[in-house]
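A.B. asks: Residue numbers (my numbering), protein chains in the order written: chain A, 18 to 256; chain B, 18 to 256. Glycine included, C-beta positions come from ideal geometry on N, C-alpha and C.
There are 2 protein chains.
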Amino acid sequence: MAEDPTTHVSTGQFSKNEGAEETAVVIQLPLVHQVAGLVRDMIVQDELQPGEPIRERIISETLNVSRTPLREGLKILATEGLVELIPNRGAIVAEPAPAETRDRLILLSVLEAFAGELAVNFATNQDIDEITALHYEMLAAQRRKNRLLYFKLNQDIHSGIVRISRNSALIENHIRLNLQVYRARYRNNLKSTEWRRSIREHEKIITALQERNGDALSAILRRHMDPVWATVMEEAVNF
Amino acid sequence: MAEDPTTHVSTGQFSKNEGAEETAVVIQLPLVHQVAGLVRDMIVQDELQPGEPIRERIISETLNVSRTPLREGLKILATEGLVELIPNRGAIVAEPAPAETRDRLILLSVLEAFAGELAVNFATNQDIDEITALHYEMLAAQRRKNRLLYFKLNQDIHSGIVRISRNSALIENHIRLNLQVYRARYRNNLKSTEWRRSIREHEKIITALQERNGDALSAILRRHMDPVWATVMEEAVNF
DNA sequence: AGAATAAATATTGTATACAAAAAAATTGAC
DNA sequence: GTCAATTTTTTTGTATACAATATTTATTCT
Chain A
18 MAEDPTTHVS
28 TGQFSKNEGA
38 EETAVVIQLP
48 LVHQVAGLVR
58 DMIVQDELQP
68 GEPIRERIIS
78 ETLNVSRTPL
88 REGLKILATE
98 GLVELIPNRG
108 AIVAEPAPAE
118 TRDRLILLSV
128 LEAFAGELAV
138 NFATNQDIDE
148 ITALHYEMLA
158 AQRRKNRLLY
168 FKLNQDIHSG
178 IVRISRNSAL
188 IENHIRLNLQ
198 VYRARYRNNL
208 KSTEWRRSIR
218 EHEKIITALQ
228 ERNGDALSAI
238 LRRHMDPVWA
248 TVMEEAVNF
Chain B
18 MAEDPTTHVS
28 TGQFSKNEGA
38 EETAVVIQLP
48 LVHQVAGLVR
58 DMIVQDELQP
68 GEPIRERIIS
78 ETLNVSRTPL
88 REGLKILATE
98 GLVELIPNRG
108 AIVAEPAPAE
118 TRDRLILLSV
128 LEAFAGELAV
138 NFATNQDIDE
148 ITALHYEMLA
158 AQRRKNRLLY
168 FKLNQDIHSG
178 IVRISRNSAL
188 IENHIRLNLQ
198 VYRARYRNNL
208 KSTEWRRSIR
218 EHEKIITALQ
228 ERNGDALSAI
238 LRRHMDPVWA
248 TVMEEAVNF
């Protein structure tokens, strides 16, 4: 693969548009971050499974880049907690212990609860309308039994509330923690019982937001994730 | 410097002990992490100042390593928020806007407040004794007007309470956020008025911990950092 | 002299080469 | 046939080389 330079993602910063017209897209994002993003997606979407070693030569050739930017990207992913670096053995996809995932989910709840407190103060009417709209889209996805779409809209609602908090540090940390527990939340989403409970709580979340009731919103969000980590811990016992 | 290979930090994983006896120390930590740690210290200790570009050749030669591990280390520090990567212009020491520091300090308070809630449940008597001992050491440092020691013991107390929470995600995120606001907290520590207030609140913190009063401990910690970011924002107005 | 432009210099970004370590495969003994 | 030891191969870790970009200096024109 690496023999043919024309198949490279990007040798320099920009596509020189040599030859075909379809390669006209200007790539602004540094190669390291492109690579990190692609590998991050592979991990989150389970194309690379927990515990699986990330062989540098293979991945770098798949992405048509050299090992250098890949290795730099793996350092980013390791700091994000998605990858684990083992000395002289390279990187493996992180395989957090159930207790680790539980701790992260609990912390995530604390962050979202705090975001809820702030959100009721800072939300514009438009903000609330947008969250409400996402809620209805989510209900639609539920009726159509579209679990993936439901899951993504669910995430959008939570991320949306955090964004309304206007606290940049909170937003950043929420994103990272959310990536770390993405798999656990997705797996939980597959349970129908959980699905119904989730809907009910979301109705309360929307109501609290619309009424700008910070205490109520915070309280619901603080406990909203409990069943998720309860499931994680249950599954852990079975092995 | 780089011309003489014998002066390198470590070419491989281990010191081969070739020649002199004093180089017998086995270096276990991967070079990237050593480098990241050294640069992190430089930043936190203000040897590298905010906004200052990190010239790879200069720093790498200073540390007697090649640019490769340094660059990988900078990716780690960028993900930690201590360094900012600018495309085609390398890395500069992060220079967070005052509002960014404020947001981080607020979030740090939220984390510590939650840590307080957990701590009263999980703390052993030994844990509480250790925090209390640190408190007295801190009082001693205050009487001796040793601001640096005071500051470090203050940090140890807060980190100690977080560690008692036994929540690994909480502990990790607290460490990272704390690094990000380290300078702001240190600068604040130089103000005498703040010093006295801090002492008073710490007495309450210790009492609440000893009495295992989670609500009280949480409430104090939630507001303990407010004057720090108030100072940050005040100073920002003056420019 | 001062601004605009062009050449020179330095710095970062990426790829590759080499060294060290780990993993896999082969060989030999029992 | 299985286990152990040794060789081979593969993989990671680090350094260096080269390319692309940015910065500085020099030069020209007004």
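Kindly indicate the opening and closing residues of the alpha helix (DSSP H) around LEU267 (chain A).
C.D. replies: An answer regarding residue 267 (chain A) cannot be provided, because it is not within the stretch 18 to 256 covered by chain A.
A.B. asks: Got a sec, what are the start and stop residues for the alpha helix (DSSP H) ALA108 (chain A) sits in?
C.D. replies: On the first sequence, residue 108 (chain A) is found 91 positions in, with the first residue counted as 1. No alpha helix (DSSP H) contains ALA108 (chain A), which is instead part of the beta strand (DSSP E) from 107-110.
A.B. asks: Leaving out five residues before and five after LEU87 (chain B) in sequence, what residues of the same chain have Cβ atoms less than 8 Å from its Cβ?
C.D. replies: Sequence index remark: in the second sequence, residue 87 (chain B) carries index 70 (1-based). For LEU87 (chain B), where only same-chain residues beyond five positions count, the Cβ hits under 8 Å are VAL52, VAL56, GLU73, ILE76, SER77, LEU80.
A.B. asks: Just checking my contact of MET242 (chain A) with LEU122 (chain A) at CB under 8 Å: how many whole Å lie between their CB atoms?
C.D. replies: Counted from its first residue, the first sequence places residue 242 (chain A) at position 225. Counted from its first residue, the first sequence places residue 122 (chain A) at position 105. About 5 Å separates the two Cβ atoms, so the contact holds.
A.B. asks: Does DSSP put LEU207 (chain B) in a helix, a strand or coil?
C.D. replies: The sequence position of residue 207 (chain B) within the second sequence is 190, counting from 1. Here LEU207 (chain B) sits in coil by DSSP.
A.B. asks: Rounded to whole angstroms, what is the Cα-Cα separation between ILE60 (chain A) and PRO67 (chain A)?
C.D. replies: Looking up residue 60 (chain A) in the first sequence gives position 43. Looking up residue 67 (chain A) in the first sequence gives position 50. Near 8 Å, if we compare the C-alpha coordinates of PRO67 (chain A) and ILE60 (chain A).
A.B. asks: Could you please give the first and the last residue of the uninterrupted beta strand (DSSP E) stretch that includes VAL100 (chain A)?
C.D. replies: For the purposes of this step, residue 100 (chain A) is taken as the residue at position 83 of the first sequence. 100-103 is the extent of the beta strand (DSSP E) around VAL100 (chain A).
A.B. asks: Count the other CB atoms within 10 Å of the CB of TYR285 (chain B); is the residue buried (16 or more) or exposed (fewer)?
C.D. replies: The requested residue 285 (chain B) does not occur in the structure, where chain B is confined to residues 18 to 256.
A.B. asks: Drop a sphere of 10 angstroms on the beta-carbon of ILE237 (chain B), count the other beta-carbons inside from all chains shown, and report buried for 16 or more, exposed for fewer.
C.D. replies: Walking along the second sequence from the start, residue 237 (chain B) turns up at place 220. Looking at its Cβ environment, which holds 16 or more other Cβ atoms inside 10 Å, ILE237 (chain B) is buried.
A.B. asks: Determine contact between the segment 178-189 of chain B and the segment 120-138 of chain B, defined as no fewer than three beta-carbon pairs at a distance below 8 Å.
C.D. replies: As far as the Cβ criterion goes, the segment 178-189 of chain B touches the segment 120-138 of chain B, which means the pair count is three or higher.
A.B. asks: Is GLU97 (chain A) closer than 8 Å to LEU187 (chain A) when the C-beta atoms are compared?
C.D. replies: Within the first sequence, residue 187 (chain A) is the residue found at index 170, counting from 1. Within the first sequence, residue 97 (chain A) is the residue found at index 80, counting from 1. No, the Cβ-Cβ distance between LEU187 (chain A) and GLU97 (chain A) is not below 8 Å.
A.B. asks: Run through the DSSP bridge pairs and tell me what ILE71 (chain B) is partnered with.
C.D. replies: The residue given as residue 71 (chain B) occupies position 54 in the second sequence. DSSP, once it has assigned bridges, lists B:ALA108 as partnering ILE71 (chain B).
A.B. asks: Would you verify that the beta carbon of PRO67 (chain A) is, or is not, closer than 8 Å to some beta carbon of chain B?
C.D. replies: The residue you call residue 67 (chain A) lines up with position 50 of the first sequence. False, the Cβ-Cβ gap to chain B never drops below 8 Å.
A.B. asks: Assuming PRO86 (chain B) is part of the alpha helix (DSSP H), what are its boundary residues?
C.D. replies: Translated into the one-based positions of the second sequence, residue 86 (chain B) becomes position 69. Note, PRO86 (chain B): alpha helix (DSSP H), 84-97.
A.B. asks: Determine the direct distance from the alpha carbon of LEU128 (chain A) to that of GLY90 (chain A), and round the result to whole angstroms.
C.D. replies: The residue you call residue 90 (chain A) lines up with position 73 of the first sequence. The residue you call residue 128 (chain A) lines up with position 111 of the first sequence. About 27 Å.
A.B. asks: Pull up the distance between the alpha-carbon of GLY107 (chain A) and that of VAL82 (chain B), whole angstroms please.
C.D. replies: Numbered from its first residue, the first sequence carries residue 107 (chain A) at position 90. Numbered from its first residue, the second sequence carries residue 82 (chain B) at position 65. About 20 Å.
A.B. asks: PRO47 (chain B) to SER185 (chain B), Cα distance in whole Å?
C.D. replies: The sequence position of residue 47 (chain B) within the second sequence is 30, counting from 1. The sequence position of residue 185 (chain B) within the second sequence is 168, counting from 1. Spanning the two alpha carbons is a distance of roughly 23 Å.
A.B. asks: Under the three-state reduction of DSSP, which class applies to ASP120 (chain B): helix, strand or coil?
C.D. replies: Position 103 of the second sequence, counted from the first residue, corresponds to residue 120 (chain B). In the structure shown, ASP120 (chain B) sits in a helix (DSSP, three-state: H, G or I).
A.B. asks: With hydrogens ignored, establish whether the beta-carbon of GLU129 (chain B) is closer than 7 Å to any heavy atom of the ligand HEM.
C.D. replies: Looking for the ligand HEM in the displayed structure turns up nothing, as the structure carries no ligands at all.
A.B. asks: Hey, quick one: how far does the alpha helix (DSSP H) through GLU252 (chain B) stretch, first residue to last?
C.D. replies: Numbered from 1 along the second sequence, position 235 holds the residue referred to as residue 252 (chain B). Where GLU252 (chain B) is concerned, the enclosing alpha helix (DSSP H) stretches over 243-254.
A.B. asks: Where does VAL52 (chain A) fall in DSSP's three states?
C.D. replies: Numbered from 1 along the first sequence, position 35 holds the residue referred to as residue 52 (chain A). Here VAL52 (chain A) sits in helix by DSSP.
A.B. asks: Could you list which residues in chain A have their beta carbon closer than 7 Å to that of VAL49 (chain B), in chain order?
C.D. replies: Locating residue 49 (chain B) in the second sequence gives position 32, where the first residue counts as 1. Ordered by position in chain A, the residues that pass the 7 Å Cβ test against VAL49 (chain B) are LYS92.
A.B. asks: Three-state secondary structure (DSSP) at VAL198 (chain B)?
C.D. replies: If you number the second sequence from 1, residue 198 (chain B) lands on position 181. It is coil, neither helix nor strand.
A.B. asks: Near ILE71 (chain A), what residues of its chain come up, given a Cβ to Cβ distance below 6 Å and the 5 sequence neighbours on each side ignored?
C.D. replies: Here residue 71 (chain A) corresponds to residue number 54 of the first sequence, with the count starting at 1. Excluding positions up to five away in sequence, the list reads ALA108.
A.B. asks: Please go through the same chain and pick out, in chain order, the residues whose beta-carbon is closer than 6 Å to the beta-carbon of LEU65 (chain A), but skip the five residues on each side of it.
C.D. replies: Reading the first sequence from its first residue, position 48 is the one you call residue 65 (chain A). Cβ within range, chain order: MET59, VAL110.
A.B. asks: Flag VAL42 (chain A) as yes if its beta-carbon sits less than 8 Å from any beta-carbon of chain B, otherwise no.
C.D. replies: Translated into positions along the first sequence, residue 42 (chain A) becomes position 25. The pLDDT assigned to VAL42 (chain A) is 38, lower than 50, so where the model puts this residue is not dependable; a value taken from the coordinates is nonetheless given after this. So, not an interface residue.
A.B. asks: Go to ASN142 (chain A), then tell me how far its alpha helix (DSSP H) extends in each direction, as first and last residue.
C.D. replies: Here residue 142 (chain A) corresponds to residue number 125 of the first sequence, with the count starting at 1. Taken as a continuous stretch (DSSP letters only), the alpha helix (DSSP H) holding ASN142 (chain A) covers 142-160.
A.B. asks: Measure from the C-beta of GLU101 (chain A) to each C-beta in chain B and report whether the shortest distance is under 8 Å.
C.D. replies: What you label residue 101 (chain A) is simply residue 84 of the first sequence in a count that begins at 1. No, GLU101 (chain A) lies away from the interface with chain B (no Cβ there is under 8 Å from its Cβ).
A.B. asks: Can you give me the Cβ contacts of SER209 (chain A) inside the same chain, cut-off strictly under 8 Å, excluding the 5 residues immediately before and after it?
C.D. replies: Along the first sequence, one-based indexing puts residue 209 (chain A) at 192. Contacts found: none.
A.B. asks: According to DSSP, simplified to helix, strand and coil, what is GLU134 (chain B)?
C.D. replies: The sequence position of residue 134 (chain B) within the second sequence is 117, counting from 1. Residue state, collapsed to three classes: helix.
A.B. asks: By Cβ distance below 7 Å, which residues in the same chain neighbour LEU124 (chain A) in space, the five residues on each side in sequence not counted?
C.D. replies: Your numbering for residue 124 (chain A) matches position 107 in the first sequence. For LEU124 (chain A), where only same-chain residues beyond five positions count, the Cβ hits under 7 Å are LEU194.
A.B. asks: For GLU220 (chain B) and PRO244 (chain B), which I take to be in contact (beta-carbon distance under 8 Å), what is that distance rounded to the nearest angstrom?
C.D. replies: Along the second sequence, one-based indexing puts residue 220 (chain B) at 203. Along the second sequence, one-based indexing puts residue 244 (chain B) at 227. About 16 Å; that fails the 8 Å criterion.
A.B. asks: Looking at chain B, is there any beta carbon in it that lies within less than 8 Å of the beta carbon of PRO70 (chain A)?
C.D. replies: One-based indexing of the first sequence puts residue 70 (chain A) at position 53. Not closer than 8 Å to any Cβ of chain B, the Cβ of PRO70 (chain A) fails to qualify, so no.
A.B. asks: Looking at chain B, is there any beta carbon in it that lies within less than 8 Å of the beta carbon of LEU238 (chain A)?
C.D. replies: Sequence index remark: in the first sequence, residue 238 (chain A) carries index 221 (1-based). Judged by the 8 Å Cβ criterion, LEU238 (chain A) is not in contact with chain B.
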